[in-house]
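2 protein chains.
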Amino acid sequence: MARLKPLSGFPEFLPQGQMVENHVIRILEETFELHGFAPINTRAVETMESLTRKGEIDKEVYVVSRLQADEHDSHREKDQLGLHFDLTVPFARYVLENAGHLQFPFRRYQIQKVWRGERPQEGRYREFTQADIDIVGSETLADHHDVEAPLVMLEALERLHTELGFPPVLMHVNNRKLSEGFYRGLGIEEPAGVLQRVDKYDKIGPQAVHELLTEELGLSDAQADRCVALAGISSSDHSFIEQVRDLGVANDMLEEGLDALDRVVTAVNRAVPGRMVADLKIARGLDYYTGTVYETELVGHESMGSVSSGGRYDALASDEKHTYPGVGISLGLTRLLAPVISRGQLGSTRTVPSAVLVAVNTEEERDVSEAVAASLRSRGIACEVAPKADKYGKQIKHADRRGIPFVWFPGRRDQQGADEVKDIRSGDQISADAAAWNPPAADLRPGVVGQW
Amino acid sequence: MARLKPLSGFPEFLPQGQMVENHVIRILEETFELHGFAPINTRAVETMESLTRKGEIDKEVYVVSRLQADEHDSHREKDQLGLHFDLTVPFARYVLENAGHLQFPFRRYQIQKVWRGERPQEGRYREFTQADIDIVGSETLADHHDVEAPLVMLEALERLHTELGFPPVLMHVNNRKLSEGFYRGLGIEEPAGVLQRVDKYDKIGPQAVHELLTEELGLSDAQADRCVALAGISSSDHSFIEQVRDLGVANDMLEEGLDALDRVVTAVNRAVPGRMVADLKIARGLDYYTGTVYETELVGHESMGSVSSGGRYDALASDEKHTYPGVGISLGLTRLLAPVISRGQLGSTRTVPSAVLVAVNTEEERDVSEAVAASLRSRGIACEVAPKADKYGKQIKHADRRGIPFVWFPGRRDQQGADEVKDIRSGDQISADAAAWNPPAADLRPGVVGQW
Numbered sequence: 001m002a003r004l005k006p007l008s009g010f011p012e013f014l015p016q017g018q019m020v021e022n023h024v025i026r027i028l029e030e031t032f033e034l035h036g037f038a039p040i041n042t043r044a045v046e047t048m049e050s051l052t053r054k055g056e057i058d059k060e061v062y063v064v065s066r067l068q069a070d071e072h073d074s075h076r077e078k079d080q081l082g083l084h085f086d087l088t089v090p091f092a093r094y095v096l097e098n099a100g101h102l103q104f105p106f107r108r109y110q111i112q113k114v115w116r117g118e119r120p121q122e123g124r125y126r127e128f129t130q131a132d133i134d135i136v137g138s139e140t141l142a143d144h145h146d147v148e149a150p151l152v153m154l155e156a157l158e159r160l161h162t163e164l165g166f167p168p169v170l171m172h173v174n175n176r177k178l179s180e181g182f183y184r185g186l187g188i189e190e191p192a193g194v195l196q197r198v199d200k201y202d203k204i205g206p207q208a209v210h211e212l213l214t215e216e217l218g219l220s221d222a223q224a225d226r227c228v229a230l231a232g233i234s235s236s237d238h239s240f241i242e243q244v245r246d247l248g249v250a251n252d253m254l255e256e257g258l259d260a261l262d263r264v265v266t267a268v269n270r271a272v273p274g275r276m277v278a279d280l281k282i283a284r285g286l287d288y289y290t291g292t293v294y295e296t297e298l299v300g301h302e303s304m305g306s307v308s309s310g311g312r313y314d315a316l317a318s319d320e321k322h323t324y325p326g327v328g329i330s331l332g333l334t335r336l337l338a339p340v341i342s343r344g345q346l347g348s349t350r351t352v353p354s355a356v357l358v359a360v361n362t363e364e365e366r367d368v369s370e371a372v373a374a375s376l377r378s379r380g381i382a383c384e385v386a387p388k389a390d391k392y393g394k395q396i397k398h399a400d401r402r403g404i405p406f407v408w409f410p411g412r413r414d415q416q417g418a419d420e421v422k423d424i425r426s427g428d429q430i431s432a433d434a435a436a437w438n439p440p441a442a443d444l445r446p447g448v449v450g451q452w
Numbered sequence: 453m454a455r456l457k458p459l460s461g462f463p464e465f466l467p468q469g470q471m472v473e474n475h476v477i478r479i480l481e482e483t484f485e486l487h488g489f490a491p492i493n494t495r496a497v498e499t500m501e502s503l504t505r506k507g508e509i510d511k512e513v514y515v516v517s518r519l520q521a522d523e524h525d526s527h528r529e530k531d532q533l534g535l536h537f538d539l540t541v542p543f544a545r546y547v548l549e550n551a552g553h554l555q556f557p558f559r560r561y562q563i564q565k566v567w568r569g570e571r572p573q574e575g576r577y578r579e580f581t582q583a584d585i586d587i588v589g590s591e592t593l594a595d596h597h598d599v600e601a602p603l604v605m606l607e608a609l610e611r612l613h614t615e616l617g618f619p620p621v622l623m624h625v626n627n628r629k630l631s632e633g634f635y636r637g638l639g640i641e642e643p644a645g646v647l648q649r650v651d652k653y654d655k656i657g658p659q660a661v662h663e664l665l666t667e668e669l670g671l672s673d674a675q676a677d678r679c680v681a682l683a684g685i686s687s688s689d690h691s692f693i694e695q696v697r698d699l700g701v702a703n704d705m706l707e708e709g710l711d712a713l714d715r716v717v718t719a720v721n722r723a724v725p726g727r728m729v730a731d732l733k734i735a736r737g738l739d740y741y742t743g744t745v746y747e748t749e750l751v752g753h754e755s756m757g758s759v760s761s762g763g764r765y766d767a768l769a770s771d772e773k774h775t776y777p778g779v780g781i782s783l784g785l786t787r788l789l790a791p792v793i794s795r796g797q798l799g800s801t802r803t804v805p806s807a808v809l810v811a812v813n814t815e816e817e818r819d820v821s822e823a824v825a826a827s828l829r830s831r832g833i834a835c836e837v838a839p840k841a842d843k844y845g846k847q848i849k850h851a852d853r854r855g856i857p858f859v860w861f862p863g864r865r866d867q868q869g870a871d872e873v874k875d876i877r878s879g880d881q882i883s884a885d886a887a888a889w890n891p892p893a894a895d896l897r898p899g900v901v902g903q904w
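As you go down the protein sequences, you meet chains G and P in turn. Its first residue numbered 1, the first sequence is counted upward by one per residue in my numbering. Its first residue numbered 453, the second sequence is counted upward by one per residue in my numbering.
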């Protein structure tokens, strides 16, 4: 084997990084399950017909084909398979396929890899992990779920902040009805075009958005002024409503959107103060949301863009008979973790799960060490037995290199000695019984160290 | 969306099945980590050069390509990407790529999906999950790891047996040196060809193997007789040694193999009696093992074939400078689970993680129910709030359909009533405080029900 270079865009971790990712995933799973979200996994492939339905993204899809396709393989293009590029398309298909077996409203979480055939660059990956939560109803889905979804994701992100020192987050929220109603109230017939340009507000600034609106869409200066002014409004209390009213646009859909947004921001800020702001420039340009939309920034790292986004669809999925509205939020796990893990900023306290290395006196007494290890494991203490009956100094070094905090010395059979265990960090060594000794709780499992 | 049919060969589960798979994965992870195995995840793709190195399997590989490849994409065939078809090839590549950052012997576990472009049939999948453990050394790897790897896998399988009612297992073990030495002792120059035919012993029987050996390989009747006789030997104690000696073949490599096999079977049966048998027909035909080989049958379901196989490689990986010997075992999780989950034989006790449904008195009092839920969750009790302030009977039905055992009734604000919680299975209803009440431990999380 000659290729020793990593593949660009396909991040992989050393064990000390993988343990961090697993720790984070465990926190997400625990949080989602506490809120009644059930786990599902979908296959990695969807039909190209399903993947390219929404247009615009077909160039990012990885096509999958059998190396030696034969006459049994379908050659109809729509039956071709591709790797999923998000977890929303597969989930929508899963809901339709299994609707008869699901109870609605159906809450699911899904933590899986997705693939995009993009040119790799900082913060962009070809293979990455997403963690999605969605609540989907049959025909209807009550408004209070627009409060529930962000609260669940914020609770998970808050645990990452308080337990692992990740930056705090601020979720920015808007409502498509508010924007669309406002644009329609201004006499604009194609609100989608405006949304897509307002979506660039953070990147290119208000002036440039104004230019796009007048030059590309032919809006009047007065119309563009007010679209840009709307995008500039944000508040964490009710005051955004007055600011919008001051722009003097009247429209029923606008009123509906103002009311809906106010309810979400008020309810979320009551539950978790300071973590959500109404931000009327949030557009989620190309996605097919129909109501509330969410983006989430890491405070102090706003230039990273949104790490967790989502929104409401009036029809997450639909077939001839039924419509399934949904609201959900996706967390970009790899975007959040890969840079800090790859740079070594975050890692686990040891490179192995073992809390104890059981030393081996002689190869003939390896079974004694194995018995000690079995006894420790039966009480939930992870351990490994030294690979070789080296001198103790060498065995201690073996533990040290792995970050294993304790070395266990079984009493020598010929000397009928007692077992001893050494904390190799402090050098403290005490007599111990494998059937009773416990490491300090903080040493039982590897922890996460470093600064996000 | 019109496609409502599942894709053949790509199994997916309903939440109640996914929770079973997750439960099993948790047991595997816990067991592997107790033994000091560290988690890794590798990317889903490898270069075609890497995937087709061993030959024979290229027709099973799924090729991956960007839908709109451009001039930046390499067109050299060896740079093409394919989905990995096992976890051994990626692990070998990972070891070479990261050798400078790993401590040897390096223990890792890896639980991931793999893909094979095979024609789907009963028990064969195009996408399936494997759980692999491997121990890899740098230049050398002591023999005792050939005992360690099967003990770890057997411990995991034993937990599935005792905790979830899976069938008990019997691991069949052989040693390539024993077989090869025996064949060489018979004057056979190409032992690999014999191994590949002996590999069919269980499927086609001793007579047919005899025919293949004489007709396809040109062995004499006497040679074939003894090859078939060797394959027929099995024992869970030392007696296989005498049975082999009785066949009257002398060879140094044979002796080495007999000794190595005896040590593995003796040590494993001392640690977990009755779970391993020396079985000299085990060949692992096409795999490049060089010593111990393992296969594992579910007792009473032998016709399924091996659910967990592996062995030792003198060179799991190697480059110009170094050789990395390894020993490992892979568990076919999907083969083990998908049939029983899909048929509904195994499922979780409820379709959601929630132990409690918090009822809603009126939509105006939804915040009271949310507060109850938050209090329960803060103490680790998964719950969900009823989607609608329906009549209590309807809310109880909502819980019942999900298998949620408890419904919580917050006291009505206007009546200053106390909270009550109802076990909807027994009908028992008691006053309760959300800050103190706990469900019985057995109800805290969904369990697994049914018979494998």
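Ideal Cβ placement from N, Cα and C applies to all residues, glycine included.
Are the Cβ atoms of Y844 of chain P and A886 of chain P separated by less than 8 Å?
On the second sequence, residue 844 of chain P is found 392 positions in, with the first residue counted as 1. On the second sequence, residue 886 of chain P is found 434 positions in, with the first residue counted as 1. The answer is no: Cβ separation not under 8 Å.
Between the Cα of L286 of chain G and those of G:D132, G:L195 and G:Y62, spot the shortest distance and give me the residue it belongs to.
Numbered from 1 along the first sequence, position 286 holds the residue referred to as residue 286 of chain G. Answer by Cα proximity: G:L195.
G347 of chain G in three-state terms, based on DSSP:
The residue you call residue 347 of chain G lines up with position 347 of the first sequence. In this structure, G347 of chain G counts as strand in the three-state DSSP scheme.
Residues of the region 536-568 of chain P whose Cβ lies closer than 8 Å to any Cβ of chain G, in chain order
A544, R545, Y546, L548, E549, N550, H553, L554, Q555, P557, R559, R560, K565 and W567
To the nearest angstrom, how far is the alpha carbon of G193 of chain G from that of L213 of chain G?
Counted from its first residue, the first sequence places residue 193 of chain G at position 193. Counted from its first residue, the first sequence places residue 213 of chain G at position 213. The alpha-carbon atoms of G193 of chain G and L213 of chain G are separated by roughly 9 Å.
State the DSSP-derived secondary structure class of P39 of chain G, mapped to helix, strand or coil.
Residue mapping note: residue 39 of chain G aligns to position 39 of the first sequence, counting from 1. Reduced to three states, the DSSP call for P39 of chain G is strand.
Could you confirm whether any beta carbon from chain P is found closer than 8 Å to the beta carbon of K388 of chain G?
For the purposes of this step, residue 388 of chain G is identified with residue 388 of the first sequence, where counting begins at 1. Output row for K388 of chain G: interface = yes.
Under the DSSP definition of a beta bridge, which residues are partnered with V45 of chain G?
Your numbering for residue 45 of chain G matches position 45 in the first sequence. Its beta-bridge partners are G:L83.
Which residue or residues does DSSP assign as beta-bridge partners of M253 of chain G?
To locate residue 253 of chain G, count along the first sequence from 1; it is residue 253. Answer by DSSP bridge pairing: none, since M253 of chain G is not bridged.
If contact means a Cβ-Cβ distance below 7 Å, which residues of the region 288-320 of chain G contact chain P?
A317 and D319
CA-CA distance, R831 of chain P and M171 of chain G?
Within the second sequence, residue 831 of chain P is the residue found at index 379, counting from 1. Within the first sequence, residue 171 of chain G is the residue found at index 171, counting from 1. Distance between the alpha carbons of R831 of chain P and M171 of chain G: 26 Å.
Tell me the DSSP secondary structure of A870 of chain P in three-state form.
The residue labelled residue 870 of chain P in the question sits at position 418 within the second sequence. Here A870 of chain P sits in coil by DSSP.
Using a Cβ-Cβ cutoff of 7 Å, what residues of the region 344-364 of chain G are near chain P? List them in chain order.
T351, V352, P353 and S354
Taking the DSSP output, what are the residues bridged to S806 of chain P?
As a first step, residue 806 of chain P must be located in the second sequence, where it is residue number 354. In DSSP, S806 of chain P forms no bridge with anything.
To the nearest angstrom, report how far apart A283 of chain G and V228 of chain G are at their CA atoms.
Translated into positions along the first sequence, residue 283 of chain G becomes position 283. Translated into positions along the first sequence, residue 228 of chain G becomes position 228. About 12 Å.
State yes or no: is the beta carbon of Y577 of chain P nearer than 8 Å to at least one beta carbon in chain G?
Your numbering for residue 577 of chain P matches position 125 in the second sequence. Not one chain G Cβ lies under 8 Å of Y577 of chain P.
Span separating the alpha-carbon of A551 of chain P from that of V209 of chain G:
In the second sequence, residue 551 of chain P corresponds to position 99, counting from 1. In the first sequence, residue 209 of chain G corresponds to position 209, counting from 1. Looking at the two C-alpha atoms, the distance is approximately 50 Å.
List the residues of chain P that S65 of chain G touches, going by C-beta distances under 9 Å, in chain order.
Here the question's residue 65 of chain G lines up with position 65 in the first sequence. Within 9 Å Cβ-Cβ: Y514, V515, V516, S517 and G569.
If you check the beta carbons only, do L533 of chain P and V497 of chain P fall under 8 Å apart?
Counted from its first residue, the second sequence places residue 533 of chain P at position 81. Counted from its first residue, the second sequence places residue 497 of chain P at position 45. Yes, these two residues count as a Cβ contact at 8 Å.
Less than 8 Å between the C-beta atoms of E384 of chain G and V340 of chain G, yes or no?
Residue mapping note: residue 384 of chain G aligns to position 384 of the first sequence, counting from 1. Residue mapping note: residue 340 of chain G aligns to position 340 of the first sequence, counting from 1. Their beta carbons are not under 8 Å apart, which means E384 of chain G does not touch V340 of chain G by this criterion.
Stretch-stretch touch, CB-based, cutoff 8 Å, three pairs: the region 237-257 of chain G with the region 182-191 of chain G:
yes
Can you tell me whether DSSP reads V541 of chain P as helix, strand or coil?
For the purposes of this step, residue 541 of chain P is taken as residue 89 along the second sequence, with counting starting at 1. V541 of chain P falls in the helix class under three-state DSSP.
Nearest neighbour of I882 of chain P, chosen from P:A893, P:H487 and P:F861 [CA to CA]:
To locate residue 882 of chain P, count along the second sequence from 1; it is residue 430. It is P:F861 whose Cα lies nearest to the Cα of I882 of chain P.
Rounded Cβ spacing between V588 of chain P and L768 of chain P (contact assumed at less than 8 Å):
For the purposes of this step, residue 588 of chain P is taken as residue 136 along the second sequence, with counting starting at 1. For the purposes of this step, residue 768 of chain P is taken as residue 316 along the second sequence, with counting starting at 1. With 8 Å as the limit, V588 of chain P and L768 of chain P qualify as a contact, their Cβ atoms being about 5 Å apart.
In the DSSP assignment, find the alpha helix (DSSP H) that holds G193 of chain G and state where it starts and stops.
On the first sequence, position 193 is the one that residue 193 of chain G refers to. Start and end: P191 to V198.
In terms of residue numbering, what span does the alpha helix (DSSP H) encompassing H475 of chain P cover?
Counting from 1 along the second sequence, the entry for residue 475 of chain P is found at position 23. Taken as a continuous stretch (DSSP letters only), the alpha helix (DSSP H) holding H475 of chain P covers P467 to L486.
In chain order, which continuous runs of the beta strand (DSSP E) of length 3 or greater are located wholly inside the region 732-809 of chain P?
744-750, 760-770, 775-784 and 798-800
Distance check for L247 of chain G and R226 of chain G, CA to CA, integer angstroms please.
Counting from 1 along the first sequence, the entry for residue 226 of chain G is found at position 226. Counting from 1 along the first sequence, the entry for residue 247 of chain G is found at position 247. The straight-line gap from Cα to Cα measures roughly 7 Å.
Proximal chain G residues relative to F858 of chain P, where beta-carbon distance stays under 8 Å
Stepping through the second sequence from its first residue, residue 858 of chain P is reached at position 406. Result: empty, since nearest Cβ-Cβ is about 13 Å, beyond 8 Å.
Can you check which of these residues, P:H597, P:I585, P:P891 and P:S517, is closest to D367 of chain G by C-alpha distance?
As a first step, residue 367 of chain G is located in the first sequence; it is residue number 367 there, counting from the start. Looking at the Cα atoms, P:H597 is the closest of the given residues.
So for R3 of chain G, helix, strand or coil by DSSP?
The count along the first sequence starts at 1 and reaches residue 3 of chain G at position 3. Because the pLDDT at R3 of chain G is just 47, under 50, the model does not fix this residue reliably, and the value given afterwards should be weighed accordingly. Looking at R3 of chain G - three-state DSSP - the assignment turns out to be coil, as it is neither helix nor strand.
Cutoff 8 Å; reference R455 of chain P; Cβ partners in own chain excluding five residues on either side
As a working note, residue 455 of chain P is residue 3 in the second sequence. In this prediction, R455 of chain P scores a pLDDT of 47, lower than 50, which makes its location untrustworthy; the coordinate-derived value is nonetheless stated afterwards. Contacts found: none.
Member of G:V372, G:R275 and G:Y94 whose CA lies at the smallest distance from the CA of K457 of chain P:
As a working mapping, residue 457 of chain P is identified with position 5 in the second sequence. For the residues G:V372, G:R275 and G:Y94, the minimum Cα distance to K457 of chain P belongs to G:Y94.
Closer than 9 Å by beta-carbon distance: list the chain P residues that pair up with M19 of chain G, in chain order.
Taking the first sequence and counting its residues from 1, the one referred to as residue 19 of chain G is at position 19. In chain order: A490 and P491.
Could you have a look at G845 of chain P and say whether DSSP puts it in helix, strand or coil?
As a first step, residue 845 of chain P must be located in the second sequence, where it is residue number 393. Three-state DSSP puts G845 of chain P in a helix.
Pick from P:E607, P:G879 and P:F462 that is closest to G726 of chain P, judged by C-alpha positions
Within the second sequence, residue 726 of chain P is the residue found at index 274, counting from 1. Here the closest residue by C-alpha is P:E607.
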